[in-house]
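**Student:** What follows is a structure written as structure tokens; I'll ask about it next.
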Amino acid sequence: MSERQDPDDRETNHAPEEETRDAEGALTAVGAPSSPATEPAASDPASSGPNEGKARGGGPDSGAAAGNGGEERGKGRSGGPDGGAAGNGGEERGKGRSGGPDGAGAGGGGKGAGMDERGVTTPALRRQAGVALALLGIVIIAVAAFTTPWHVLTGGPPDPARDFAAAQIARGEAFDAATSLPSYLSLALTLIFAGLLVATPFGAKVLGVLKGPWWLRVIIGTVVITAIVEALRWPLGMWFETIMREYGLSTQDWAGWTADRLKSLGVETVLLSLMLLVLVALARHVRRWWIPAALGAFAFTVAASFVYPVVFEPLFNEFTPMRQGALRTNLLDLAARDGVPVEDVLVADASRRTTALNAYVSGFGATRRIVVYDTLLKAPQREVELVVAHELGHAKYDDVLHGTLIGALGSAFGAILLYLVFDPLRRRTKVTSITDPRAVGALLGLMTIGGFLLGPAQNLISRHIEARADVHALDLTRDPATFIAMQKRLATTNISDLTPNAVEYVLYASHPSSPERIAMARAWARLNGVPIP
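Structural data, given as structure tokens:
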């Protein structure tokens, strides 16, 4: 199978890096790129095949609640749907117009700026938003087209049997089969619940009992729906974790697993509540609220990308400077030779969660550092250097920056699209307008569905970017033999699916498969006159 969602709502093609980025689901849930300032998500050489992350997950839920509207790269990215809002349409609308203390009455259903007396956006404003959406869509396509390396060296049809024993191939397939059921059940549950919130008054009925000022109801509504989704998904997460333990990929106890999951859920809920508070406030007070909402979404995504390494990563892992020695010296020399400024080399305590292998380059400018999993330190030094060389390729080509730009533009696009699509859903969800606090569920459900639909395109771009980083690693080290040895170690340790289903690969894989990467390394050797491994 290809990158499938584990019940913790984490992309299942990169679990090794997930342990250091468990708050990332929270960022993607609110529109930030899925790997904002850390590049492992889209660059992890440990994610050597479309099945990678499902195994390596081991860590907490990275997106357990609301819709991953940012750069979520696969099935797993569609976070959890979140509740609808509705109820008491006429009564609440009347309260809103009567000028209660909140400006929209206790029901929160009054009309907002840029809306007519029924709380509906006007045709003229919708036309303006439509034009802006079309123009922004053209910009996004252009940026993606010019920043994606569409023509990258490939090695022809992969041959898993050439480099992997039959038992290794069978083990990957067995692990894939074992995790498929909880993964697909989690995905189905997520999308069904999102559809329920978007197409029915379910969310409105759940949130209609809440009392208080509009801002408090928005916050509580977000917490309530997030809690419902998490309660539904929790048993599937435990099932998935049990399988990972059976295959030796998780080293966590249940207390650690629960703590990580709850921390991720808490971060996500806070960020979602903040985002929805701002959105509803803008809709209540600004006539063309989609303009500041789009600008705010763009700015938030960029800011999240910069603060992620120093604010969110430490919540889930401890980072210590790599001790002085040959490996540290070689990694810093490698970065200097590549022209990539790096402030430090850190070791993440990933072994407390997983046996998976990984390394990545994290942050921008002064916050950029090389991060190596402590599990990877057991590998030969040359293989560790090749893993880091791959990650340096992402820094060299500004993949994180480009990903952040596309994610930020996508977040702005989503804000404008939300303005256009919400009105047709009002009657189905029984909410008076987007200013109604009971609309929280419908908003989060839309984000979930949008994130899921964007996954295949994001994965297509990601696969090309990963292939370029592989070529960069070979150009930098000129060692295809070690590259192949490293890919084999990663694939077997992380239990990659070496024969992924073609349809799932196209739809969900964010990295080329291990056999594809090995075939590319042999093609590189032929082109560069290096002995073919």
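Residue numbering for the sequence shown follows this note's numbering, beginning at 5 and increasing consecutively. Ideal Cβ positions, reconstructed from N, Cα and C, are used throughout, including at glycine. All values reported here derive from a predicted model rather than from experimental measurement.
1) Do L390 and T486 have their CB atoms nearer than 7 Å?
2) For the structure I just gave you, are there three or more beta carbon pairs, one from the segment 419-436 and one from the segment 275-282, closer than 8 Å?
3) Do you know whose CA, among I144, N321 and Q328, lies nearest T408's CA?
4) Is it true that the CB of L286 sits closer than 7 Å to the CB of A297?
5) Under three-state DSSP, which class holds D295?
6) Taking only heavy atoms of the ligand ADP into account, decide whether any of them is closer than 6 Å to the Cβ of G207.
7) Between H398 and W154, how many whole angstroms is the CB-CB distance? I'm expecting something under 8 Å.
8) Do you know how far the Cα of T324 is from the Cα of P217?
9) Distance, Cα to Cα, R482 vs R386?
10) For R373, does the three-state DSSP call read helix, strand or coil?
11) Let's see if you can read the secondary structure: which residues bound the beta strand (DSSP E) around P537?
12) Taking the C-alpha atoms as reference points, what is the distance between N498 and M248?
13) What number of angstroms, rounded off, separates the C-alpha of R357 from the C-alpha of L380?
14) Using the Cα positions of W294 and V213, report the straight-line distance between them to the nearest angstrom.
15) Whose C-alpha, out of F244, I522 and V404, is nearest the C-alpha of F368?
16) Assuming V349 is part of the beta strand (DSSP E), what are its boundary residues?
17) Taking the alpha carbon of A383 as the reference point, which residue from P313, T359, I522 and I223 has its own alpha carbon closest?
18) Take every Cβ of the segment 193-209, pair it with every Cβ of the segment 447-461, and state whether three or more of those distances are shorter than 8 Å.
19) Just the Cα atoms here: how many angstroms apart are D348 and L478?
20) Using 10 angstroms around the beta-carbon of I196, count the other beta-carbons present and answer buried if the total reaches 16, otherwise exposed.
21) Out of curiosity, what's the CA-to-CA distance linking R521 and P537?
22) Quick check: the segment 312-321 against the segment 435-444, are there 3 or more CB pairs under 8 Å?
23) In this structure, how does DSSP classify P460 when only helix, strand and coil are distinguished?
24) Pull up the DSSP beta-bridge partners for Y364, would you.
25) Compute the distance between the beta-carbons of L480 and D342, then report whether it is under 7 Å.
26) Taking P484 and V444 to be in contact with their CB atoms under 8 Å, please state how far apart those CB atoms are, rounded to whole angstroms.
27) As a quick exercise: from V210, D257, Y251 and P127, pick the residue whose alpha carbon is nearest that of A178.
28) Quick one: what's T324 bridged to in DSSP?
29) Compute the Euclidean distance between the alpha carbons of V425 and R291, then round it to the nearest angstrom.
30) Under the three-state reduction of DSSP, which class applies to T358: helix, strand or coil?
31) If you count every other CB in all the chains shown that lies within 10 Å of the CB of W258, and 16 or more means buried, which is it?
**Tutor:** Inspection of the coordinates gives the following:
1) Within the sequence shown, the letter at position 386 stands for residue 390. Within the sequence shown, the letter at position 482 stands for residue 486. Result yes, Cβ atoms of L390 and T486 sit closer than 7 Å.
2) no
3) Here residue 408 refers to the residue found at position 404 of the sequence shown. Nearest of I144, N321 and Q328 to T408, Cα basis: I144.
4) Within the sequence shown, numbered from 1, the residue matching residue 297 stands at position 293. Within the sequence shown, numbered from 1, the residue matching residue 286 stands at position 282. Going by C-beta atoms, A297 is nearer than 7 Å to L286.
5) The sequence position of residue 295 within the sequence shown is 291, counting from 1. One point to set straight first is that residue 295 is Ile, not Asp, in the sequence displayed. The answer is helix: DSSP assigns I295 an H, G or I state.
6) The ligand content of the structure shown is nil, which means the ligand ADP is not present either.
7) Taking the sequence shown and counting its residues from 1, the one referred to as residue 398 is at position 394. Taking the sequence shown and counting its residues from 1, the one referred to as residue 154 is at position 150. In this structure H398 does not touch W154 by the C-beta definition: roughly 17 Å separates them, more than the 8 Å allowed.
8) Indexing the sequence shown from 1 puts residue 217 at position 213. Indexing the sequence shown from 1 puts residue 324 at position 320. Between P217 and T324, the C-alpha separation is close to 45 Å.
9) One-based indexing of the sequence shown puts residue 482 at position 478. One-based indexing of the sequence shown puts residue 386 at position 382. Looking at the two C-alpha atoms, the distance is approximately 11 Å.
10) Here residue 373 refers to the residue found at position 369 when the sequence shown is read from its first residue. In this structure, R373 counts as strand in the three-state DSSP scheme.
11) Here residue 537 refers to the residue found at position 533 when the sequence shown is read from its first residue. DSSP places P537 outside any beta strand (DSSP E), giving it a letter other than H or E.
12) Residue 498 sits at position 494 when you count from the first residue of the sequence shown. Residue 248 sits at position 244 when you count from the first residue of the sequence shown. Roughly 10 Å separates the two Cα atoms.
13) The sequence position of residue 357 within the sequence shown is 353, counting from 1. The sequence position of residue 380 within the sequence shown is 376, counting from 1. If I take the Cα positions, the gap works out to 13 Å.
14) In the sequence shown, counting from the first residue as 1, residue 294 sits at position 290. In the sequence shown, counting from the first residue as 1, residue 213 sits at position 209. Between W294 and V213, the C-alpha separation is close to 29 Å.
15) Here residue 368 refers to the residue found at position 364 when the sequence shown is read from its first residue. Taking each of F244, I522 and V404 in turn and checking the Cα distance to F368, the smallest one comes out for V404.
16) Taking the first residue of the sequence shown as position 1, residue 349 is located at position 345. Unbroken beta strand (DSSP E) run through V349: V349 to A352.
17) Locating residue 383 in the sequence shown gives position 379, where the first residue counts as 1. Residue T359 is the option with its Cα nearest to A383.
18) yes
19) The sequence position of residue 348 within the sequence shown is 344, counting from 1. The sequence position of residue 478 within the sequence shown is 474, counting from 1. About 23 Å.
20) Translated into the one-based positions of the sequence shown, residue 196 becomes position 192. With fewer than 16 other Cβ atoms within 10 Å, it is exposed.
21) Here residue 521 is taken as the residue at index 517 of the sequence shown, counted from 1. Here residue 537 is taken as the residue at index 533 of the sequence shown, counted from 1. P537 has its alpha-carbon roughly 13 Å from the corresponding atom of R521.
22) As far as the Cβ criterion goes, the segment 312-321 does not touch the segment 435-444, which means the pair count is below three.
23) Taking the first residue of the sequence shown as 1, we reach residue 460 at position 456. Three-state DSSP puts P460 in a helix.
24) The sequence position of residue 364 within the sequence shown is 360, counting from 1. Residue pairing by DSSP places Y364 opposite V375 in a beta bridge.
25) Mapped onto the sequence shown, residue 480 falls at position 476. Mapped onto the sequence shown, residue 342 falls at position 338. Yes.
26) Counting from one through the sequence shown, the residue named residue 484 turns up at place 480. Counting from one through the sequence shown, the residue named residue 444 turns up at place 440. Going by Cβ atoms, the distance from P484 to V444 rounds to 53 Å, so no, they are not a contact pair.
27) Translated into the one-based positions of the sequence shown, residue 178 becomes position 174. Checking every option, the nearest Cα to that of A178 belongs to Y251.
28) Here residue 324 is taken as the residue at index 320 of the sequence shown, counted from 1. In the DSSP output, where bridge partners are listed per residue, T324 has V351.
29) The residue you call residue 425 lines up with position 421 of the sequence shown. The residue you call residue 291 lines up with position 287 of the sequence shown. So the alpha carbons of these two residues sit roughly 17 Å apart.
30) Here residue 358 refers to the residue found at position 354 when the sequence shown is read from its first residue. Strand, per DSSP.
31) Counting from one through the sequence shown, the residue named residue 258 turns up at place 254. Answer is exposed; the Cβ neighbour count stays below 16.
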